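Asker: Okay, here's the structure, questions in a sec.
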Amino acid sequence: MEGMSMPPRRLALVTAPRSGETFGSWLDRIARVNQCPPAEVAQLMGLNLRGVSAEVRPPVFGVRPDEAVRQTVHAATGVSGSLVDGMHLSVFDGGPLNVASVVSAAKAHRPSTGREWVEAYGSRACPCCLLVSGGVWQLWWKLSCAAVCPEHQVVLVDRCPSCGWVLRWGGNRPRVVPAKWIRPPTCCANSVNGKPCSQWLPVARASRARKSMVDTQQLWLDIAYGRARPTLGGVDVPAEEWFAAFRACVILLRLGLPRVLGRLPGVSDWCSRVLLDELSERGVDRSRFSWGPASARAAAAFLLLVVPLLAAADMRELSRQLAPLVRTAADEGSLAARPLARLAVPKLFAEAVEAQVPVGSTARSPWKKGSIR
Ligand SMILES: [Zn+2]
Ligand SMILES: [Zn+2]
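Just so we're aligned, residue 21 is where the sequence shown starts under our numbering, counting upward by one.
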């Protein structure tokens with residue numbers, strides 16, 4: 021009928037999505053078995069990948085599927101709407117992500133590089149996972165706190181060792197998914213001067229992760245996926261509030277660098293170096309203090325310092341452990357920093373911070389009523 025869009029054609033060959041896989045990865049794998057570029061598969065699925073111009077990518081690809089996407093994907097592949105939902109970042113909404121902010125940032129055409137604590141287009145990756153899975157990209161690798169692979173105990177890789185671009189970002193002519201070439205799931209395939217980068221990612225060098233890193237990442241992931249109940253100072257809190265407290269600690273740490281390192285007990289040389297490196301990247305502009313960790317290594321360092329702190333046995337202990345962070349930020353005169361005040365931290369966390377504001381100083385807790393915003 022005139023004016024009606026064609027119903028999506030059923031794809032000849034469909035591979036089943038794998039556990040925890042990201043939507044873009046699944047698209048790549050289907051494209052490969054059908055021997056065509058991923059953009060063609062997307063078109064057959066009825067997905068509109070055109071942004072307002074060639075340089076602009078559509079805001080919600082891989083972030084949140086709407087009903088139309090669920091239906092066209094189901095018609096083309098037989099894969100259910102709930103499986104499609106599971107391949108989108110929306111599974112982390114109300115936990116480590118606020119999906120409404122991710123969507124609005126993307127709609128404003130601001131490229132995501134950690135502002136919303138996620139890499140909407142690119143990804144980190146475990147080279148060992150890519151090898152054993154034949155190129156299944158995990159959804160959680162896109163999160164800014166993705167640091168180490170709990171299974172293979174390595175630090176995730178941020179960038180392609182060959183072209184230097186963030187993995188899956190798209191290279192110097194980024195598109196949502198390649199329109200001209202098949203993207204082998206285990207290869208970089210970022211666009212470099214109009215050609216796909218041929219780096220085979222399973223050979224990318226990944227450094228060994230220590231057991232403590234693996235454990236903190238595992239706990240963080242369990243909370244992110246709703247498998248573990250988050251607690252703050254021994255008290256059960258909703259996941260959203262736990263992640264807000266986590267972000268607050270990351271910001272407090274950044275505000276107190278480098279001095280805070282000498283005041284925290286048992287910070288390794290590795291951790292200090294990584295955090296100072298990150299500061300020179302994020303700290304160019306103080307408003308970026310509220311962004312996610314800039315690399316897998318930085319994410320590992322923040323996880324190591326913050327997760328055990330939040331797991332303090334009771335409120336007194338939590339407050340005591342927060343002391344070096346709060347006092348250093350107060351000394352630097354930045355405790356009322358805007359990014360902190362904006363976070364919806366749980367009341368008990370705000371009180372634990374408040375208790376450590378030095379008596380007689382002009383500093384005020386960022387969450388105290390009447391404080392300067
Ligand atoms: Zn792995
Ligand atoms: Zn590359």
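All residues carry an ideal CB built from backbone N, CA and C; glycine is no exception. Owing to the predicted nature of the structure, the values given are computational and were not obtained by experimental measurement.
1. Where do the ends of the alpha helix (DSSP H) carrying alanine 126 lie?
2. Can you tell me which residues form a DSSP beta bridge with aspartate 113?
3. Can you tell me whether leucine 31 is buried or exposed, with buried defined as 16 or more other CB within 10 angstroms of its CB?
4. Using beta-carbon positions only, say whether arginine 135 and tryptophan 311 come within less than 8 Å of one another.
5. Please confirm whether any heavy atom of ligand 1 lies closer than 7 Å to the CB of histidine 108.
6. With 8 Å set as the bound, which would you pick, yes or no: does the beta-carbon of proline 57 sit closer than that to a beta-carbon of chain B?
7. Going by DSSP, name the residue or residues bridged to arginine 228.
8. Give the range of the alpha helix (DSSP H) segment to which valine 53 is assigned.
9. Report buried or exposed for arginine 49, applying the criterion of at least 16 other Cβ atoms within 10 angstroms of its Cβ.
10. For proline 328 and threonine 236, what's the separation of their Cα atoms in angstroms?
11. Should glutamate 205 and proline 57 be called a contact, given that it needs their Cβ atoms to be closer than 8 Å?
12. Under DSSP, the alpha helix (DSSP H) around glycine 106 begins and ends at which residues?
13. Using three-state DSSP, classify glutamine 219 as helix, strand or coil.
14. May I have the straight-line CA-CA distance separating isoleucine 392 from valine 174, to the nearest angstrom?
15. According to the Cβ coordinates, are histidine 108 and arginine 84 closer than 8 Å?
16. If you draw a straight line from the C-alpha of aspartate 305 to the C-alpha of leucine 296, how long is it?
17. Tell me whether asparagine 118 is buried or exposed, calling it buried when 16 or more other Cβ atoms sit within 10 Å of its Cβ.
18. Quick check: is any heavy atom of ligand 2 less than 7 Å from the C-beta of tryptophan 185?
19. Let's see if you can read the secondary structure: which residues bound the alpha helix (DSSP H) around methionine 335?
20. What are the boundary residues of the alpha helix (DSSP H) that serine 153 is part of?
Answerer: Well, looking at it:
1. Your numbering for residue 126 matches position 106 in the sequence shown. Note, alanine 126: alpha helix (DSSP H), 119-127.
2. If you number the sequence shown from 1, residue 113 lands on position 93. Answer is Leu117.
3. For the purposes of this step, residue 31 is taken as the residue at position 11 of the sequence shown. Flag for leucine 31 reads buried.
4. Position 115 of the sequence shown holds residue 135. Position 291 of the sequence shown holds residue 311. Yes. Within cutoff.
5. To locate residue 108, count along the sequence shown from 1; it is residue 88. No - ligand 1 has no heavy atom lying nearer than 7 Å to the Cβ of histidine 108.
6. Absence of chain B from the displayed structure is noted, only one protein chain being present.
7. For this step, residue 228 is matched to residue 208 along the sequence shown. Answer is Val174, bridged to arginine 228.
8. For the purposes of this step, residue 53 is taken as residue 33 along the sequence shown, with counting starting at 1. Valine 53 -> alpha helix (DSSP H) spans 43-53.
9. As a first step, residue 49 must be located in the sequence shown, where it is residue number 29. Only buried fits arginine 49, as 16 or more other CB atoms lie within 10 angstroms of its CB.
10. Taking the first residue of the sequence shown as 1, we reach residue 328 at position 308. Taking the first residue of the sequence shown as 1, we reach residue 236 at position 216. Rounded to whole angstroms, proline 328 to threonine 236 spans 8 Å at the Cα level.
11. Mapped onto the sequence shown, residue 205 falls at position 185. Mapped onto the sequence shown, residue 57 falls at position 37. Before going further, note that residue 205 is proline rather than glutamate in the sequence given. Result no, Cβ atoms of proline 205 and proline 57 do not sit closer than 8 Å.
12. Locating residue 106 in the sequence shown gives position 86, where the first residue counts as 1. That run of the alpha helix (DSSP H) goes 101-106.
13. Walking along the sequence shown from the start, residue 219 turns up at place 199. The answer is coil: DSSP assigns glutamine 219 none of H, G, I, E or B.
14. Numbered from its first residue, the sequence shown carries residue 392 at position 372. Numbered from its first residue, the sequence shown carries residue 174 at position 154. Caution is warranted here: a pLDDT of 42 is assigned to isoleucine 392, below 50, making its placement in the model unreliable, and no coordinate value can be reported.
15. Here residue 108 refers to the residue found at position 88 of the sequence shown. Here residue 84 refers to the residue found at position 64 of the sequence shown. Between histidine 108 and arginine 84, the CB-CB gap stays under 8 Å.
16. Counted from its first residue, the sequence shown places residue 305 at position 285. Counted from its first residue, the sequence shown places residue 296 at position 276. Approximately 15 Å between the Cα atoms of the pair.
17. Here residue 118 corresponds to residue number 98 of the sequence shown, with the count starting at 1. Residue environment for asparagine 118: buried (at least 16 other C-beta atoms within 10 angstroms of its C-beta).
18. As a working mapping, residue 185 is identified with position 165 in the sequence shown. Yes.
19. Position 315 of the sequence shown holds residue 335. Judged by DSSP secondary structure, methionine 335 falls within the alpha helix (DSSP H) whose first and last residues are 335-351.
20. Counting from one through the sequence shown, the residue named residue 153 turns up at place 133. Its alpha helix (DSSP H) spans residues 147-153.
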